[in-house]
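Engineer: Residue numbers (the working numbering), protein chains in the order written: chain C, 1 to 546; chain D, 547 to 607. Please read through the structure below; I'll follow up with questions.
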Amino acid sequence: MLNTYTWPEYPYIQSEEQKNGTPVRHPVVIIGAGLIGLTAALDCARKGIKTIILDDNNTVSVGSRAVCYAKRPLEVWDRLGVADKMVEKGISWNLGKVFFKEDLAYEFDLLAEEGHKMPAMINLQQYYCEQYLVDEVMRHTDMIDLRWKHRLISMTRHEDHTSLQVETPDGVFTMESDWLIACDGANSKVREMVHAEFTGQFFQDRFLIADVVMKADFPTERWFWFDPLFHKNQSALLHKQSDDVWRLDFQMGWDADPKEATKPENVIPLIKAMLGNDTEFDLEWVSIYQFACRRIDNFRYGRVLFAGDAAHQVSPFGARGANTGVQDIDNLAWKLKLVMAGAAPDSLLDSYNEERSFAADDNLLNSTRSTDFITPKNKGSRIFRDAVLELSKKYEFARPLVNSGRLSTPTPYVNSSLNTPDEEDFDGGILPGTNCIDAPITVAGEPGWLLNMLGEDFTLLVFGDAPGEREISCGPVSVRVLTVGDDIEDRDGLLAARYDGENGAVYLIRPDQHVAARWRKFDQDKIAAAMARATGQMETKTAAGE
Amino acid sequence: MALNLKKNIARPDDFYQELIDMQRDLSEEEAQLMNAKLILILSNHIGDAETLSEAMKLARD
């Protein structure tokens, strides 16, 4: 049915270890070659960790699925060298319209802040994203072994490794892995195999998504309808993707029959009602889904680590699924590297659960709130919802209450045990536990971006008086010094403004570009203490007690 | 408590009549919608989260 995209078919290759019949122990095996699994492999490769990815299929995402990618995951992918292609192929949009019944309630302009390398968000079909990730993986075959048509059928957990039974077209064989990263999606088999709890709220509603190719021009805007005349008592969404493909989303209600609803003879009249009878289009792909907001009870089961939808499932409103999954990997890869290298205690990996379950809860909260607004659960909430929408037509105050999905933004790890709390006054800037904000810089006479300068290790970003060393050793881990005014120039003054750097500032930045600690001036002892904390080498204490 | 529960409406009977008259010719559905709008308008005017929370809790008790 798809006219604009041809799915690649990747070859199945029998592995040497299956041919030989002798189990081989691998450092890291990743289950699932979706967005998150591929990202995990690329991040591990950056960190010098060899991985094997097992995927039971042999192509990329069937259907466009995840469509909106926000700034933070794009920044992570930029660190991994794949964001440029996505941004180039993706669609940027600024104008959104909200309709209520027959009227335009209001429109908004995202007015993205200037001075960031990555846009606030792009729209792109998931299959393109995955394809670009696979392309990049194939450039690192020395580090990543991507095995298609490999299905994990069972596993046994041991204290220092996991034993995996894997099925391929050539039969079943056994592999062993020191570490396992489960990126096998919302219906994760690995999650079942470790008997993890996966609980939360299940929503009794169904949504139909359709991709259509428009034959005529249609504006690059996001249109959201509450209770439109063409689809009474439900919601609908229209959103642009790449290649003149449009994503349409119709709330169908719990009673909708998935088989009937997805038949072209039922879908096409619905689309015509939305777009008008004169708009010509081709139907590319139709799917119906229901959703839940839930998460795994622990992101870590010993040597098995869960990421992406395998660890948390959200409603599609606000595009939080893939976006937060990429940030799971961003958080995990550097910790895994330090633990595998013996440079940090095993307990550092517990902070992966601590920080990412905190983020997952934040995403679940936002996602549930959007869902409650879009699909009110009782008459009372429906009345309030309609009142907000009516008021939003005339009054500015009501517009922030309208919730058709909130743009996914990173969750700061405000209470993380890895943070060293502020002891000195900062006027804004980046709080410990928060991801670094990008800023335009000049490096070696050329324009560049701060985030591209942060690298794969800990960085000390120094405004003002710098230490003499280029690198500071803190036990087994070293910190690279990056000095503003020496290594990089603050091109437009935005760097100092965003980091409150005018009066001198020193930021200790983690490999995932999150601030671990900050001070007004360089102090080697404090940096060493903050490094010990950020790498899990110190018992959790409050800074005040030290 | 930030919420003012002392007398604050100068002419209570006038206010009450106005409130009732507003809904005299509305269906139940319309009246509910009007009430919801009124709550939202007044909530925005008050703004203070603590006051609003207290009011919501009192109304629910």
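Ideal placement from N, C-alpha and C gives every residue a C-beta, glycine not left out.
Helix, strand or coil: which one does DSSP assign to C/PHE463?
Structural biologist: Three-state result, C/PHE463: strand.
Engineer: Counting only runs that start and end within the segment 180 to 258 of chain C, where is the alpha helix (DSSP H) found for 4 or more residues in a row?
Structural biologist: Those alpha helix (DSSP H) runs which fall completely within the segment 180 to 258 of chain C and span 4+ residues are 189 to 193.
Engineer: Taking 8 Å as the CB-CB limit, is C/LEU389 close to chain D?
Structural biologist: No - not a single Cβ of chain D is within 8 Å of the one on C/LEU389.
Engineer: Hey, does C/THR105 have any beta-carbon neighbour from chain D nearer than 8 Å?
Structural biologist: Note on residue identity: the sequence assigns Ala, not Thr, to residue 105 of chain C. No - not a single Cβ of chain D is within 8 Å of the one on C/ALA105.
Engineer: Report yes or no: do the segment 200 to 208 of chain C and the segment 277 to 294 of chain C share at least 3 C-beta pairs separated by less than 8 Å?
Structural biologist: Counting Cβ pairs under 8 Å, three or more are found: they touch.
Engineer: Any idea what DSSP makes of C/ASP487, helix, strand or coil?
Structural biologist: Three-state DSSP puts C/ASP487 in coil, outside helix and strand.
Engineer: Does any C-beta atom of chain C lie closer than 8 Å to the C-beta of D/ASP578?
Structural biologist: The sequence shown places Gln at residue 578 of chain D, not Asp. Closer than 8 Å: yes.
Engineer: Nearest CA to the CA of C/GLU114: which residue from C/PRO447, C/MET531, C/PHE522, C/ASP438?
Structural biologist: With distances taken between Cα atoms, C/GLU114 lies closest to C/ASP438.
Engineer: Does the pairing of the segment 83 to 96 of chain C with the segment 366 to 384 of chain C give three or more beta-carbon distances under 8 Å?
Structural biologist: Touching, no.
Engineer: Just to make sure I have the definition right: I need the residues of chain C whose C-beta is within less than 8 Å of the C-beta of D/LYS583. Which are they?
Structural biologist: Within chain C, the residues near D/LYS583 are ALA387, GLU390, LEU391.
Engineer: Run down chain C in chain order and give the residues with a C-beta less than 7 Å from the C-beta of D/LEU586.
Structural biologist: Within chain C, the residues near D/LEU586 are ALA387, VAL388, LEU391, ALA398.
Engineer: Quick check on C/ASN503: buried or exposed, where buried means 16 or more other Cβ atoms within 10 Å of its Cβ?
Structural biologist: That one is exposed.
Engineer: On the CB-based measure, 16 or more other CB atoms within 10 Å of its CB, does C/ASN20 come out buried or exposed?
Structural biologist: So C/ASN20 counts as exposed.
Engineer: So, C/LYS71 versus C/TRP449, is the Cβ gap smaller than 8 Å?
Structural biologist: No, they are not a contact pair.
Engineer: Name the chain D residues that come within less than 9 Å of C/VAL383, Cβ to Cβ?
Structural biologist: Here residue 383 of chain C is Ile; the residue named in the question, Val, does not match the sequence. Chain D residues near C/ILE383: GLU575, GLN578, LEU579, ASN581, ALA582.
Engineer: Near C/ARG300, which residues of its chain fall below 7 Å by C-beta distance, leaving aside the five closest residues on each side in sequence?
Structural biologist: Closer than 7 Å at the Cβ level, and outside the excluded window around C/ARG300, lie LEU349, ASP350, TYR352, ASN353.
Engineer: Count the C-beta pairs between the segment 19 to 39 of chain C and the segment 179 to 188 of chain C that are closer than 8 Å, then say yes if the count reaches three, no if not.
Structural biologist: The segment 19 to 39 of chain C is in contact with the segment 179 to 188 of chain C.
Engineer: State yes or no: is the beta carbon of D/ASN550 nearer than 8 Å to at least one beta carbon in chain C?
Structural biologist: Chain C contact via Cβ: absent.
Engineer: Strictly under 8 Å for the Cβ-Cβ distance: is D/ASN554 near chain C by that measure?
Structural biologist: Not one chain C Cβ lies under 8 Å of D/ASN554.
Engineer: Where C/ASN480 and C/ILE36 are concerned, what is the direct C-alpha to C-alpha distance, given to the nearest angstrom?
Structural biologist: Looking at the sequence shown, residue 480 of chain C is not Asn but Arg. Approximately 28 Å, taken between the alpha carbons.
Engineer: Measuring straight from C-alpha to C-alpha, what distance separates C/ASP362 and C/TYR413?
Structural biologist: Rounded to the nearest angstrom, the two C-alpha atoms are 11 Å apart.
Engineer: Decide yes or no for the touch test of the segment 121 to 131 of chain C against the segment 54 to 74 of chain C: beta carbon pairs closer than 8 Å, at least 3 of them.
Structural biologist: A contact exists between the segment 121 to 131 of chain C and the segment 54 to 74 of chain C.
Engineer: May I have the straight-line CA-CA distance separating C/GLU16 from C/ARG147, to the nearest angstrom?
Structural biologist: Their Cα atoms are separated by approximately 12 Å.
Engineer: Let me check understanding here. Comparing Cα to Cα, which of C/ASP244, C/LEU237, C/VAL245 lies closest to C/MET252?
Structural biologist: Of the listed residues, the one whose Cα sits closest to C/MET252 is C/LEU237.
Engineer: Note down, in chain order, each residue of its chain lying with its Cβ closer than 8 Å to the Cβ of C/ALA273, except the 5 sequence neighbours on either side.
Structural biologist: Cβ within range, chain order: PHE230, HIS231.
Engineer: Measure from the alpha carbon of C/LEU338 to the alpha carbon of each residue in C/GLY536, C/ALA40, C/PRO8, then state which is nearest.
Structural biologist: Checking every option, the nearest Cα to that of C/LEU338 belongs to C/GLY536.
Engineer: Excluding five sequence neighbours on each side, which residues of the same chain lie with their C-beta closer than 6 Å to the C-beta of C/SER392?
Structural biologist: Contacts found: ALA105, TYR106, ALA398, ARG399, VAL402.
Engineer: What does DSSP give as the partner residues of C/LEU508 in its beta bridges?
Structural biologist: DSSP lists C/LEU460, C/ALA517 as partners of C/LEU508.
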